[in-house]
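Read left to right, the sequence shown gives residues 1090 to 1637 (my numbering). Don't be surprised by glycine CBs; every beta carbon is placed ideally from N, CA and C. Written below as structure tokens is the structure these notes are about.
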Amino acid sequence: MSGQLRFAILGPQRAWYADQEIDLGPGKQRAVLAVLLLAAGRPVSTGQIVDAVWPEEPPANGPNVVQKYVAGLRRVLEPDRSPRTPGQVLSLTDAGYLLRVDPEAVDAVRFERGVQAARQRHASGLAEQALSELATALDRWHGEPFTGFTGPIFEAARQRLVELRAVALETRAELRLDLGRHRETVGELVELVAEFPVRERLRHQLMLALYRSGRQAEALAAYREFGELLRDEYGIEPGGALQELHGRILRSDPTLVMAEPTEPATPPPVAATVREPATPMVAPAGLIPTQPAPAVVSAPPPLLPPPPATAVQPARREAPYWASRTVTILGTVLVLLSFGCLTWLVILAYAVWRRSWRLAVAGVGYLVLVVVEVTMLDMENPDAEVPGPEAVTFLGLAVITWLAGAVHVVLLSRGLWEAITARPDSARGRAKEERRIRREHARYLLYHYPAARTELGLGRPDLARSFDDGGLVDVNAVPEQVLTTLPGLTPEQGRQIVVDRWLRGPYASMEELAARCLLPPSATEPLRDLLLFLPPASQSDEARMQGS
């Protein structure tokens, strides 16, 4: 039965048994089938189905509702099955619901494999065969994928397929230009530019096709129109490759009419967008408890040995920010409230703290001044008046030990504002450097001692652990809640990463992450020192990490 089933999701969702179309039932039942098709050949848990089909308001009795729709799908996919007979096409396993169909039965899988085959033919120099493969693959499109389905799972799958189609269309235009079919390609490129107005590669191809067709003025007009669009809508200019082509067209560069067209500076993203997994459109590792996704991530590159531990030690004589501020305030208050009588004691305390003999001399000097003040007072007759000249001297000494002493204490802290502003920066700088070194230590451990990943929970801030890895994050393992807190990523981008990982498997590098999720450099640069790209852990390793 399953060998005669065919499914279409590139446009309105449809299904056939042999040559007879099947009525797939209500919308939610179709959505459940779409989730199972995304993981064709692999089990999908009930919870994952609920999250995909009801992303906003899941039903309270979600498992029962899923079971109801699965029963409906069994009736339409296996109409000859007895009610008490276990399902052969759609069955329940310990890991979830399993749709047993050949991946080739899904038009999206056949489309992806066709694009991959065309890319291989193109790389081998077989332009005609590649063009034929692309034509066959693109003919499978009958509209927007997953029509009528909403939610992040379907949206991410839809965006990925639409992007793959756009790349395939660009590649087809490039092949036609390679084969010298400039005039017949112009009309198609005009339509594609209208459909994808900001794809620079299509503009590049349109300008080249127009120029090679003897339409230099129209080629220049196409560049001018594109530049105005970018400036008005986004405030940017066309890329360097397009500007270079514009200049060559202005100069009537004769090399442009050669068989080999000028390529944009940015290489075609087919290789980064299209992957050949063991099973196309695999479900996320979380959906496959008994069948973990294949490890496609290479081992980490060799790293520098860890720096010595002394590199992270703070300066020996530099007090913490809070201690410096507290000592400054207490010392100043003590000098003011004692009317300068205890200035010498505060200065000597600073001398011991700073290990400064100059401050020790200053403290002794303040003590001598206090002693002189005391001797000038007539302790036996407090009502006696101090003679005029001696009164001036006494007041002068009091000002020195009281007010000047208070100012001296403040200055000894290197300035109150310096203590408030400079010290926190210094502390933050030391903390940042320490985190960086801890990350280097953790990467060193991963490279030389791979078992540390499980034993120490490296890259898993979502797990309880005692080892500090400096904030590393394993992008192939952490949940969405961790990704959305990373610097440079918006919550939407974090969710996009999780969904793309769900659909297409783990990431191998920062470049692959950026290409698959269309992340700008502003989002990826802050992450280069934080992210790990590790193979998915086995179930036993994952359980061990969570248990520890």
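Residue i burial status per 10 Å Cβ neighbour count (16 or more: buried)
{"i": "Glu1263", "result": "buried"}
{"i": "Gln1093", "result": "exposed"}
{"i": "Arg1095", "result": "buried"}
{"i": "Phe1556", "result": "exposed"}
{"i": "Arg1503", "result": "Any reading at Arg1503 is ruled out, since the residue's pLDDT is 49, under 50, leaving its predicted position unreliable."}
{"i": "Pro1148", "result": "exposed"}
{"i": "Asn1153", "result": "exposed"}
{"i": "Leu1426", "result": "exposed"}
{"i": "Gly1324", "result": "exposed"}
{"i": "Trp1446", "result": "exposed"}
{"i": "Glu1601", "result": "buried"}
{"i": "Thr1344", "result": "exposed"}
{"i": "Gly1185", "result": "buried"}
{"i": "Glu1201", "result": "buried"}
{"i": "Val1287", "result": "exposed"}
{"i": "Gln1109", "result": "exposed"}
{"i": "Glu1349", "result": "Summary for Glu1349: the model assigns pLDDT 42, below 50, so the residue's position carries little reliability, and this model does not support an answer."}
{"i": "Glu1259", "result": "buried"}
{"i": "Ala1308", "result": "buried"}
{"i": "Ala1553", "result": "exposed"}
{"i": "Ala1207", "result": "buried"}
{"i": "Leu1339", "result": "exposed"}
Presumed contact (8 Å Cβ cut-off) between residue i and residue j, rounded CB distance
{"i": "Val1121", "j": "Val1155", "result": "6 Å"}
{"i": "Ala1097", "j": "Asp1196", "result": "5 Å"}
{"i": "Ala1257", "j": "Leu1227", "result": "6 Å"}
{"i": "Thr1613", "j": "Met1599", "result": "6 Å"}
{"i": "Val1559", "j": "Arg1525", "result": "First, the residue type needs correcting, since residue 1559 is Gly and not Val in the sequence shown. Sure, about 7 Å apart at Cβ, within 8 Å."}
{"i": "Leu1099", "j": "Arg1249", "result": "Actually they do not touch by this definition, with Cβ atoms about 12 Å apart."}
{"i": "Leu1623", "j": "Ala1566", "result": "7 Å"}
{"i": "Ala1216", "j": "Asp1267", "result": "5 Å"}
According to DSSP, residues forming a beta bridge with residue i
{"i": "Arg1095", "result": "Trp1105"}
{"i": "Val1562", "result": "Leu1620"}
{"i": "Glu1110", "result": "Trp1105"}
{"i": "Val1133", "result": "Tyr1186"}
Residues of its chain near residue i, where Cβ-Cβ distance is below 7 Å and the 5 sequence neighbours each way are ignored
{"i": "Ser1221", "result": "none"}
{"i": "Val1571", "result": "Pro1550, Asp1551, Val1562"}
{"i": "Phe1315", "result": "Arg1292, Pro1327"}
{"i": "Leu1423", "result": "Leu1431, Val1435"}
{"i": "Leu1486", "result": "Leu1458, Val1461, Glu1462"}
{"i": "Tyr1455", "result": "Thr1432, Trp1433, Ile1436, Thr1490, Gly1494"}
{"i": "Phe1285", "result": "Ala1255, Leu1291"}
{"i": "Ser1611", "result": "Gly1577"}
{"i": "Val1282", "result": "Leu1291, Arg1292, Leu1295"}
{"i": "Val1346", "result": "Arg1301"}
{"i": "Tyr1106", "result": "Gln1093, Leu1094"}
{"i": "Pro1144", "result": "Gly1240, Pro1241"}
{"i": "Gly1452", "result": "Trp1433, Ile1436, Leu1437, Ala1440"}
{"i": "Ala1400", "result": "Low confidence applies to Ala1400: its pLDDT is 36, below 50, so where it sits in the model is not reliable enough to give any reading."}
{"i": "His1271", "result": "Ala1298, Arg1301, Ser1302"}
{"i": "Leu1448", "result": "Ile1436, Tyr1439, Ala1440"}
{"i": "Leu1113", "result": "Gln1102, Ala1104, Arg1119, Leu1122, Val1165"}
{"i": "Phe1238", "result": "Ala1120, Ala1123"}
Cutoff 8 Å; reference residue i; Cβ partners in own chain excluding five residues on either side
{"i": "Ala1404", "result": "Bear in mind that the predicted position of Ala1404 carries a pLDDT of just 36, short of 50, making it unreliable; the figure below should be weighed with that in mind. The answer is none, since no qualifying residue turns up."}
{"i": "Thr1482", "result": "Met1465"}
{"i": "Ala1224", "result": "Arg1261"}
{"i": "Val1498", "result": "Thr1417, Gly1420, Thr1421, Val1424, Thr1432, Val1435, Ile1436, Tyr1439"}
{"i": "Arg1189", "result": "Ser1091, Gly1130, Gln1177, Val1178, Leu1179, Ser1180"}
{"i": "Arg1528", "result": "Asp1558, Gly1559, Gly1560, Leu1561, Asp1618, Leu1619"}
Residues near residue i by beta carbon distance below 6 Å, same chain, minus five either side
{"i": "Arg1265", "result": "Thr1274"}
{"i": "Val1139", "result": "Pro1147, Gly1151"}
{"i": "Ile1586", "result": "Leu1572, Cys1606"}
{"i": "Ile1111", "result": "Ala1104, Val1165"}
{"i": "Leu1393", "result": "No answer about Leu1393 holds up, because its pLDDT of 32 lies below 50 and its placement is not dependable."}
{"i": "Gly1548", "result": "Leu1561, Val1562, Asp1563, Leu1621"}
{"i": "Asp1589", "result": "Ala1245, Arg1605, Cys1606"}
{"i": "Asp1321", "result": "none"}
{"i": "Phe1428", "result": "Trp1491"}
{"i": "Leu1187", "result": "Pro1132, Ser1180"}
{"i": "Phe1234", "result": "Going by the sequence as given, residue 1234 is Pro instead of Phe. Correct list, in chain order: Ile1098, Leu1099, Arg1247, Leu1250."}
{"i": "Pro1690", "result": "Only positions 1090 to 1637 of the chain appear in this structure, which leaves residue 1690 out of reach."}
Any non-hydrogen atom of the ligand ADP within 6 Å of residue i CB
{"i": "Leu1552", "result": "With respect to small molecules bound, the structure shown includes none, and the ligand ADP cannot be examined in it."}
| task | Could you tell me which uninterrupted alpha helix (DSSP H) segments, each at least 4 residues in length, are contained entirely in the segment 1421-1449, listed from first to last along the chain? | result | 1432-1443
| message | As an exercise, report each continuous alpha helix (DSSP H) stretch of at least 4 residues that is fully enclosed by the segment 1572-1604, in chain order. | response | 1580-1593
| query | At which residue ranges does the segment 1176-1263 contain complete beta strand (DSSP E) runs of 3 or more residues, listed in the order of the chain? | reply | 1179-1182, 1185-1188
| Hey, which unbroken runs of the alpha helix (DSSP H) at 4 residues or more fall wholly within the segment 1284-1320? | 1289-1301
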